[in-house]
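Working notes for the structure below.
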Amino acid sequence: MDTVRFIVGVILPYLALGVFAGGMLYRIWVWRKLASPPITLFPAPPDASANAWNTVQEAVLFKSLFRGDRGLWLLAWAFHVVLALILTGHLRVFTHADALLARLGLGEQDIQAMSSGVGGAAGVAILVTAVLLLVRRLTVRRAREISGAGDYFALLLIGAIVVTGNMMRFGAEHFDLNLTRGYFAGLFSFADVSGAPVLQHNVFLLHMGLAWLLVMLLPFSKLLHFGGIFFTHQLIRKH
Amino acid sequence: MAETTVKERVVEAVKAIRKGPRALQMYMEMCARCGTCAAVCPIYYAAPEKRFNPVERSDLLRRVYQRYCTASGRLLAAFGGLREFDAADLDRWAPAFYECTGCRRCATYCPFGIDNSVITRKGRAILDQVGRTPKTMQKVVQISLETGNTDGASAAALRAALDFMEEEMRESHGEEIRIPVDVVGAEYFYVPPSGDVLVNPEATMGVAKVFHVLGLADRWTMSSACFDGANYGLFTGNDADMKRDNKRYVDEAIRLGARVMLMGECGHAHRIMKMMMEKTGWWGKLPFEIVNCMEWTADHIRQGRLQFDPGRNTDPVTYHDPCNFSRSCGIVGEPRVILEASCADFREMTPNRAENWCCGGGGGLSAMDDIREFRMKVSGKKKLEQIRDTGARRVATACSNCKRQLTQLMETHREPVEVTGVHDMLSRTILVAGKAAELVDYTR
Numbered sequence: 008m009d010t011v012r013f014i015v016g017v018i019l020p021y022l023a024l025g026v027f028a029g030g031m032l033y034r035i036w037v038w039r040k041l042a043s044p045p046i047t048l049f050p051a052p053p054d055a056s057a058n059a060w061n062t063v064q065e066a067v068l069f070k071s072l073f074r075g076d077r078g079l080w081l082l083a084w085a086f087h088v089v090l091a092l093i094l095t096g097h098l099r100v101f102t103h104a105d106a107l108l109a110r111l112g113l114g115e116q117d118i119q120a121m122s123s124g125v126g127g128a129a130g131v132a133i134l135v136t137a138v139l140l141l142v143r144r145l146t147v148r149r150a151r152e153i154s155g156a157g158d159y160f161a162l163l164l165i166g167a168i169v170v171t172g173n174m175m176r177f178g179a180e181h182f183d184l185n186l187t188r189g190y191f192a193g194l195f196s197f198a199d200v201s202g203a204p205v206l207q208h209n210v211f212l213l214h215m216g217l218a219w220l221l222v223m224l225l226p227f228s229k230l231l232h233f234g235g236i237f238f239t240h241q242l243i244r245k246h
Numbered sequence: 015m016a017e018t019t020v021k022e023r024v025v026e027a028v029k030a031i032r033k034g035p036r037a038l039q040m041y042m043e044m045c046a047r048c049g050t051c052a053a054v055c056p057i058y059y060a061a062p063e064k065r066f067n068p069v070e071r072s073d074l075l076r077r078v079y080q081r082y083c084t085a086s087g088r089l090l091a092a093f094g095g096l097r098e099f100d101a102a103d104l105d106r107w108a109p110a111f112y113e114c115t116g117c118r119r120c121a122t123y124c125p126f127g128i129d130n131s132v133i134t135r136k137g138r139a140i141l142d143q144v145g146r147t148p149k150t151m152q153k154v155v156q157i158s159l160e161t162g163n164t165d166g167a168s169a170a171a172l173r174a175a176l177d178f179m180e181e182e183m184r185e186s187h188g189e190e191i192r193i194p195v196d197v198v199g200a201e202y203f204y205v206p207p208s209g210d211v212l213v214n215p216e217a218t219m220g221v222a223k224v225f226h227v228l229g230l231a232d233r234w235t236m237s238s239a240c241f242d243g244a245n246y247g248l249f250t251g252n253d254a255d256m257k258r259d260n261k262r263y264v265d266e267a268i269r270l271g272a273r274v275m276l277m278g279e280c281g282h283a284h285r286i287m288k289m290m291m292e293k294t295g296w297w298g299k300l301p302f303e304i305v306n307c308m309e310w311t312a313d314h315i316r317q318g319r320l321q322f323d324p325g326r327n328t329d330p331v332t333y334h335d336p337c338n339f340s341r342s343c344g345i346v347g348e349p350r351v352i353l354e355a356s357c358a359d360f361r362e363m364t365p366n367r368a369e370n371w372c373c374g375g376g377g378g379l380s381a382m383d384d385i386r387e388f389r390m391k392v393s394g395k396k397k398l399e400q401i402r403d404t405g406a407r408r409v410a411t412a413c414s415n416c417k418r419q420l421t422q423l424m425e426t427h428r429e430p431v432e433v434t435g436v437h438d439m440l441s442r443t444i445l446v447a448g449k450a451a452e453l454v455d456y457t458r
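For the record, the sequence lines run as chains A and H. Every position in the first sequence, counted from 1, becomes a number in this note's numbering once 7 is added. Every position in the second sequence, counted from 1, becomes a number in this note's numbering once 14 is added.
Set out below in structure tokens:
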């Protein structure tokens, strides 16, 4: 068991970040060097800056999907917005976000209230939207018939990360944020974190391990749409 | 032995996607499989079956790419997770890539901007490389490369058709309205689809009348060697054929000393000339520019240089946006300017412009009589409903392929709707020396 804790807690973080960064950089490097003859789809933005703005709208608002499938748009957009919110919330673990919030005039209790209020709601919301996306995939024919193991795996993986995350927030045994901060601060400074008490917390270990797995899969699965979206919309609307 | 060779050639062709273009490679890697493309596809609309799902079609290519070109694919293959490509798979490829009209409607709505038509064209290109292009399609390419036009018509046939048109215009307007041919030094070189000379003469008459009214009758010309902008290399995915066909027209424009190549009402012809040849500079810098006749005429209408008697054309008319003009060239306002000027009752179908549905004959399918039933029952179903809903008695469009498909669609489903062109409508109502033409039915 200690070996598992060591691998997940000490090796995996560096490995996952390395695989993610290397994978994404490799992808982007390959994409950039490939020729891209225009395949303009109209109505096309008149110039490069308008095209960039259009890409931002696509990435942030899912503009095309909004016109194409309103129901899916609602689900997918809600899912991604909540996901972004949750990732932002996690910055509290990795950074001095609390100090920044304090300087904005928020007291310790305000921050805690915001974390458990907004964070708690987000944890429930993302579970609901992920389940609905899964239900859609299973019930809507045009999605079901093209769904493969990879599509379900991605959803189930995210679901498992969400459930373990919620277990820590809503579970009986309250999770210690400060211990986690200490652990990540240790990782960042390349200190020996193998003895970090937080690694004894099984649910945390599972939550983090699955999250790193997801991070590693990003460049090598359909989750690549996370980076690709910034390229493909620009490509197809290029004048 | 031969089987191995075909397999190897297909696998090599798929591996070449790693060398680009960028869009195609990204499409191989980042589909989220949400099914939005299927929700907006005219074929899936009429036949919601897995084999007609755009993702499933694109997966024919994607599966081979993943097996041979991605780390995960090779890893899975090592554990027996992904099977090798088999030449017998082409038996599905061949019909599948010709069951997509390449209309790009999916690209309009895909949250990731994935254009399945790019994948379809690559699939067709690979089929072409191994000699599996459908015979009906290959025949059109051959005729076009041999004769310079998809109908295989001779220069004499063109001249006879133009003589007929001049005679008609003389009778209906009492004036000499000329259609110049092979005039070196003419400013405008008009390149219609051959169908608009041989089958739908009113389109070319309409263009001739515009030149006549503007007093530019001696400034334009057609060519007796190059009178068909249609280029089926776009449809078979064979770039070499496409460029070979195209070069002939570019050379002719240079020989004629034209300053403007005025493209006719043919969506893919205009797209190849404007968006591909001119934009990416296949033949370097050219002494002429590419303008579409609808842009040109609409501009003169906006400037108030052309007058009409729409009272001669009171039947309700709707406009079908050819995919290549609307989604691939952005020409949507111009045909409407012309139609609104020349029709008393112009009405839109829903949706329209860049969101309009395909006629069901795009991507060259219109020319394939062996899949007529598919075109009438499946790919054209949505278009039939759209046209019915307008209550129009005429549907104008600016593409010979769309016209052929729509005409067959109206006949098959016994709709009393005439299929016509944009300049055809103009020809019936434009005032020449103050009066419009006597109405003649050219459809008989």
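Ideal Cβ placement from N, Cα and C applies to all residues, glycine included.
- One alpha carbon belongs to A:ARG149, the other to A:GLY202, and they sit about 50 Å apart.
- Going by beta carbons, H:THR443 and H:PRO324 fall inside the 7 Å limit.
- Think of a sphere of 9 Å around the beta carbon of H:THR294: the chain A residues whose beta carbon falls inside it are PRO44 and PRO45, in chain order.
- Measuring C-alpha to C-alpha distances from H:SER414 to each of H:GLU279, H:MET289 and H:LEU423 identifies H:GLU279 as the nearest.
- The criterion of a C-beta distance shorter than 7 Å is satisfied by A:LEU134 and A:VAL169.
- Under the three-state reduction of DSSP output, A:LEU94 falls in the helix class.
- Secondary structure at H:ALA254: helix, using DSSP grouped into helix, strand and coil.
- Just so you know, the alpha carbons of A:SER122 and A:SER71 end up roughly 33 Å apart.
- Below 8 Å, enough C-beta pairs join the segment 205–214 of chain H and the segment 426–443 of chain H to call them touching: three or more.
- The beta carbon of H:TYR123 sits closer than 7 Å to some beta carbon of chain A.
- For the segment 152–164 of chain A, the set of residues with a beta-carbon nearer than 8 Å to any beta-carbon of chain H comprises GLU152, ILE153, SER154, GLY155 and ASP158, in chain order.
- Taking 7 Å as the cut-off, the Cβ atoms of A:THR187 and A:VAL205 count as close.
- When CB distances to chain H are screened at a threshold of 7 Å, the residues of the segment 224–243 of chain A falling below it are PHE227, LYS229, LEU231, HIS232, GLY235, ILE236, PHE238, THR239, HIS240, LEU242 and ILE243, in chain order.
- Contact between the segment 77–91 of chain A and the segment 361–376 of chain H is absent: fewer than 3 CB-CB pairs across the two stretches fall below 8 Å.
- For H:PHE241, there is no enclosing alpha helix (DSSP H), since its DSSP letter is neither H nor E.
- Proximity of chain H to A:VAL125 at the Cβ level (cut-off 9 Å) is not reached, the minimal Cβ distance being about 26 Å.
- About 6 Å separates the beta carbons of H:ILE193 and H:MET236, which is inside the 8 Å limit, making them a contact pair.
- DSSP lists no beta-bridge partner residue for H:ARG65.
- At a cut-off of 7 Å between beta-carbon atoms, A:ARG74 makes contact with chain H.
- Going by C-alpha positions, A:ALA66 is about 13 Å away from H:TYR123.
- Taking 7 Å as the cut-off between beta carbons, the residues of the segment 127–148 of chain A near chain H are VAL147 and ARG148, in sequence order.
- Contact of H:PHE126 with chain A is assigned, a C-beta pair being separated by under 7 Å.
- Close to H:PRO35, with beta-carbon spacing below 7 Å, are these residues of chain A in chain order: LEU41, ALA42, SER43 and PRO44.
- Judged by beta-carbon spacing, H:VAL205 lies beyond the 7 Å limit of H:MET308, meaning their Cβ atoms are not closer than that value.
- When secondary structure is reduced to three states using DSSP, A:LEU184 falls in the helix class.
- Counting along the chain, the unbroken beta strand (DSSP E) around H:ARG408 starts and ends at 408–411.
- At least one beta carbon of chain A lies nearer than 7 Å to the beta carbon of H:MET44.
- Residue-level contact by beta carbon holds for A:PHE49 and chain H, with a gap shorter than 7 Å.
- Secondary-structure assignment with DSSP links H:LYS449 through a beta bridge to H:VAL446.
- Between H:PRO35 and the set A:ARG144, A:PRO45, A:PHE182 and A:VAL138, the nearest pair of CA atoms involves A:PRO45.
- The alpha carbon of H:ASN327 has as its nearest neighbour, out of H:GLU63, H:PRO56, H:LYS33 and H:ALA451, the alpha carbon of H:ALA451.
- The segment 130–150 of chain H and the segment 246–260 of chain H touch, with no fewer than 3 CB-CB distances between them shorter than 8 Å.
- Each residue's CA atom was taken as its position, placing H:MET179 and H:MET219 some 7 Å apart.
- Using a Cβ-Cβ distance cut-off of 8 Å, the segment 112–130 of chain A and the segment 49–62 of chain A are not in contact, since fewer than three pairs of beta carbons, one from each stretch, lie closer than that value.
- In the DSSP assignment, the residues bridged to H:GLY435 are H:THR411.
- C-alpha of H:LYS417 to C-alpha of A:ALA132: approximately 51 Å in a straight line.
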